[in-house]
Amino acid sequence: MSGQLVAIVTGGASGIGRALALLAAARGMAVAVADIDAARAEATAAELVAGGGTARGFACDVISPASLEALATAVRAEWGGANFLFNNAGVCAGGTLETTSAADAQWILSVNIMGVFHATQAFLPLLREAAQRGEPARIINTGSENSLGLAALGPTTVYTGSKHAVLGISDGLRRDLKDSGIAVSVLCPGFVQTEIYDSYRTRPEAFGGQKRVSEKRAEMMRGMMVKIAQTPDITAQICLDGIDGDEFIIIADPRIRGFAEKRHGEVAAALDRTDARMVALGESYPAYE
Ligand SMILES: NC(=O)c1ccc[n+]([C@@H]2O[C@H](COP(=O)([O-])OP(=O)(O)OC[C@H]3O[C@@H](n4cnc5c(N)ncnc54)[C@H](O)[C@@H]3O)[C@@H](O)[C@H]2O)c1
378 MSGQLVAIVT GGASGIGRAL ALLAAARGMA VAVADIDAAR AEATAAELVA GGGTARGFAC
438 DVISPASLEA LATAVRAEWG GANFLFNNAG VCAGGTLETT SAADAQWILS VNIMGVFHAT
498 QAFLPLLREA AQRGEPARII NTGSENSLGL AALGPTTVYT GSKHAVLGIS DGLRRDLKDS
558 GIAVSVLCPG FVQTEIYDSY RTRPEAFGGQ KRVSEKRAEM MRGMMVKIAQ TPDITAQICL
618 DGIDGDEFII IADPRIRGFA EKRHGEVAAA LDRTDARMVA LGESYPAYE
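What follows is the structure in structure tokens.
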């Protein structure tokens with residue numbers, strides 16, 4: 378290792394991932410920009426290098442364990458290790474559960490959940506080595522406002538489910554890694570100005586193939602985002618600030634409070650009903666150890 382910290386950003390060629398890559402490079406880290414869109418990954422890395430940073434673009438499909446193993450091997454060969462794994466690649470397709478095709482559901486769950494699983498398995502050995510050297514080691518999973526409740530924009534039912542899973546996996550992983558020196562964070566952005574509305578542009582053949590949104594829809598989305606969505610630069614700044622503060626849940630948008638509090642209120646009310654039922658049933662249980 379050269380002493381330079383190393384960050385891997387999946388989905389690093391666009392949107393939030395690109396902004397994370399730019400900021401990590403600006404902070405002096407070597408950055409692996411990993412994306413299914415190899416050309417854009419290379420272009421982003423070239424931009425970081427042109428700005429004085431250290432970066433390389435990598436083709437990577439987070440659905441594929443082999444692709445992530447190859448990425449981990451390449452990162453080790455290039456920089457000798459890894460310190461920050463940003464599991465950021467994600468896709469979204471709108472729809473109710475009924476109107477979402479099984480192929481789309483599989484694709485969304487494969488990228489958003491299994492992508493986090495495969496990348497984490499591939500990079501854990503490198504992160505463990507970093508922790509053993511006394512260096513920072515952290516996994517940062519990009520969740521969503523959909524991790525904490527039901528977002529105002531929708532329906533995106535399968536996507537919402539996938540992002541709840543990202544929170545659950547992050548929480549379990551935090552416990553798994555409690556004594557390892559590897560920290561875990563989950564980034565929950567709100568609505569961000571990215572190209573997520575055009576996620577089908579990278580949908581693999583196996584799930585229905587690529588499709589572009591019409592220019593009219595893209596314009597409409599961009600117009601709406603400029604009015605109400607956060608810029609990815611701000612999302613990335615809040616994320617790195619949360620990492621500096623060793624935060625588990627990093628919330629990038631104050632408007633998430635409404636969805637999160639609604640969910641918390643529902644859980645609290647359900648617990649109150651359970652307490653009343655226990656009394657009515659004459660049941661009582663010892664506390665968990
Ligand atoms: N934009 C938002 O409003 C918003 C809100 C909350 C959470 N998020 C999350 O932020 C993350 C980044 O999304 P974004 O909004 O920047 O979208 P984006 O479409 O601009 O960027 C996503 C990137 O992921 C890449 N990608 C897609 N499938 C991949 C795969 N199988 N393997 C590797 N890379 C793949 C894409 O090529 C793209 O570069 C996602 O996890 C998304 O769910 C976005």
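Just so it is clear: in the sequence shown, position 237 is 614 by this note's numbering, and no numbers are missing.
Don't be surprised by glycine CBs; every beta carbon is placed ideally from N, CA and C.
Just the C-alpha distance for residue i and residue j, rounded to the nearest angstrom, thanks.
i, j, result
"Thr579", "Pro663", "51 angstroms"
"Ser487", "Gly472", "17 angstroms"
"Pro566", "Ser539", "15 angstroms"
"Ala560", "Ala427", "31 angstroms"
"Met597", "Thr608", "17 angstroms"
"Lys593", "Gln587", "18 angstroms"
"Asn617", "Ala595", "The amino acid at residue 617 is misidentified as Asn; the sequence shows Leu. Each residue's Cα considered, the two are about 29 angstroms apart."
"Ala409", "Ser547", "22 angstroms"
"Gly392", "Leu658", "53 angstroms"
"Leu527", "Gly380", "42 angstroms"
"Asp652", "Glu643", "14 angstroms"
What residue range does the beta strand (DSSP E) around residue i cover?
i, result
"Ile485", "Ile485 -> not in any beta strand (DSSP E); alpha helix (DSSP H) instead, spanning Ala479 to Leu486."
"Leu564", "Ala560 to Cys565"
"Leu411", "According to the sequence provided, residue 411 is Ala. The question's Leu does not apply to it. Looking at the DSSP string, the run of the beta strand (DSSP E) that includes Ala411 is Ala407 to Asp412."
"Arg594", "Counting along the chain, Arg594 falls outside any beta strand (DSSP E), though it belongs to the alpha helix (DSSP H) covering Glu592 to Ile605."
"Arg515", "Arg515 to Thr519"
My output table needs one value for residue i: the three-state DSSP class, helix, strand or coil.
i, result
"Phe625", "coil"
"Phe461", "strand"
"Phe435", "strand"
"Ala415", "helix"
"Val383", "strand"
"Gly545", "helix"
"Arg656", "Per the sequence presented here, residue 656 reads as Val, with Arg not at that position. The answer is helix: DSSP assigns Val656 an H, G or I state."
"Val535", "helix"
"Gly472", "strand"
Closer than 7 angstroms: is that where the CB of residue i sits relative to any heavy atom of ligand 1?
i, result
"Arg417", "yes"
"Gly492", "yes"
"Ile615", "no"
"Thr497", "no"
"Ala384", "no"
"Thr537", "no"
"Ile611", "no"
From which residue to which residue does the alpha helix (DSSP H) around residue i run?
i, result
"Leu399", "Gly392 to Ala403"
"Gly492", "Gly492 to Gln509"
"Glu512", "Taken as a continuous stretch (DSSP letters only), Glu512 belongs to no alpha helix (DSSP H), as it is neither H nor E."
"Ser557", "Unbroken run through Ser557: none, as it is neither H nor E."
"Glu455", "Pro442 to Trp456"
Could you check how far apart the C-beta atoms of residue i and residue j are, in whole angstroms? I think they sit under 8 angstroms.
i, j, result
"Leu525", "Arg640", "7 angstroms"
"Leu445", "Ala496", "5 angstroms"
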